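Protein chains in written order, with our numbering: chain A, 8 to 123; chain B, 5 to 118.
All residues carry an ideal CB built from backbone N, CA and C; glycine is no exception.
These numbers come from a predicted model, not from an experiment.
Encoded as structure tokens, the structure appears first; notes follow it.
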Amino acid sequence: EAQVTQNPRYLITVTGKKLTVTCSQNMNHEYMSWYRQDPGLGLRQIYYSMNVEVTDKGDVPEGYKVSRKEKRNFPLILESPSPNQTSLYFCASSFGLAGANTDTQYFGPGTRLTVL
Amino acid sequence: QKEVEQNSGPLSVPEGAIASLNCTYSDRGSQSFFWYRQYSGKSPELIMSIYSNGDKEDGRFTAQLNKASQYVSLLIRDSQPSDSATYLCALRDVIKAAGNKLTFGGGTRVLVKP
Chain A
8 EAQVTQNPRY
18 LITVTGKKLT
28 VTCSQNMNHE
38 YMSWYRQDPG
48 LGLRQIYYSM
58 NVEVTDKGDV
68 PEGYKVSRKE
78 KRNFPLILES
88 PSPNQTSLYF
98 CASSFGLAGA
108 NTDTQYFGPG
118 TRLTVL
Chain B
5 QKEVEQNSGP
15 LSVPEGAIAS
25 LNCTYSDRGS
35 QSFFWYRQYS
45 GKSPELIMSI
55 YSNGDKEDGR
65 FTAQLNKASQ
75 YVSLLIRDSQ
85 PSDSATYLCA
95 LRDVIKAAGN
105 KLTFGGGTRV
115 LVKP
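Structure below.
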């Protein structure tokens, strides 16, 4: 089954304790992206990756890191989480046909993160 | 002004009626437009995409795009209780935006009452 998976699905942690949220896709997609969703603010892009070893900042990258060592995986790293990073996080992927209108992004199930 | 504006709702419609959702955007360079449905606590699910001015129908859903007026709308015909969800409007400027970045509106919550 074609899918985007994320782990963990739920996480409660404390300020300053490093954490990683994993994202994996089995559709051979080149493009992967992380979004956070907050009430009233909608979905905002954190980081994205056009391909292996190619990553760039989105609209709200502060406090986050990513890596893309393999095509299928795109982990999100919070080196020192803070309460304002409490949010619902989604990973998304697509074939990434640059300039192609028809490229569709598929979303993972989400990770609900609470930082105390 | 937000790049993508949606009325947050809730939009309450009786079962069997037509739900009409609107979305306006500020970037005239936007070329691709999408409607996602999101159930509470779940991930967004693509239900419609539209790239040209006019109407596009898919089952009970019709998307309408007017680039001159910078709005895109979604009609849900014969609304069912299972259509109760938040509907997210998203757009992509394939020239300006790096890669495949989607810019989302805040979503419109729809409640279909039996």
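TODO: Note down, in chain order, each residue of its chain lying with its Cβ closer than 8 Å to the Cβ of residue 60 of chain A, except the 5 sequence neighbours on either side.
DONE: Excluding residues within five positions, the ones whose Cβ falls inside 8 Å are 75, 76.
*Give the DSSP bridge partners of residue 118 of chain B, in chain order.*
Answer is none; residue 118 of chain B lacks a bridge partner.
Neighbour list for residue 60 of chain B in chain A, Cβ cutoff strictly below 7 Å | Ordered by position in chain A, no residue passes the 7 Å Cβ test against residue 60 of chain B, which lies about 13 Å from the chain.
Just mark residue 88 of chain A as buried or exposed, buried being the case when its beta carbon has 16 or more other beta carbons within 10 Å. Buried, because 16 or more other Cβ atoms sit within 10 Å of the Cβ of residue 88 of chain A.
Consider the Cβ of residue 71 of chain A: report whether some Cβ of chain B lies at a distance smaller than 9 Å. Output row for residue 71 of chain A: interface = no.
Q) For a contact meaning CB atoms closer than 7 Å, what does residue 112 of chain A contact in chain B? A) 104, 106
Take residue 78 of chain B and list the residues in its own chain whose beta-carbon comes closer than 7 Å to its own, dropping the five residues that flank it on each side. The residues are 25, 39, 52, 65, 67, 91.
task: Name the residue from B:110, B:44, B:117, B:35 whose alpha carbon lies nearest to the alpha carbon of residue 10 of chain B.
output: Looking at B:110, B:44, B:117, B:35, the one whose alpha-carbon comes closest to that of residue 10 of chain B is B:110.
Contacts that residue 47 of chain B makes with chain A (C-beta to C-beta distance below 7 Å): The answer, in chain order, is 97, 114, 115, 116, 117.
Exercise. At 3 residues or longer, and completely inside the segment 9-37 of chain B: list those beta strand (DSSP E) runs for me, N to C.
Key: 15-18, 23-29
Starting from residue 49 of chain A, trace the beta strand (DSSP E) in both directions and tell me its first and last residue. 49-58
Strictly under 9 Å for the Cβ-Cβ distance: is residue 51 of chain A near chain B by that measure?
yes
### Contacts of residue 110 of chain B in chain A (Cβ-Cβ under 8 Å)
47, 48, 49
| field | Neighbourhood of residue 84 of chain A by C-beta, 6 Å cutoff - its chain only, sequence neighbours within 5 removed | value | 27, 72
- Query: Can a CB atom of chain A be found closer than 9 Å to the CB of residue 1 of chain B?
  - Reply: Nothing can be reported for residue 1 of chain B, as the shown portion of chain B is limited to 5 through 118.
- Quick one: what does DSSP say residue 57 of chain B is sitting in, helix, strand or coil? coil
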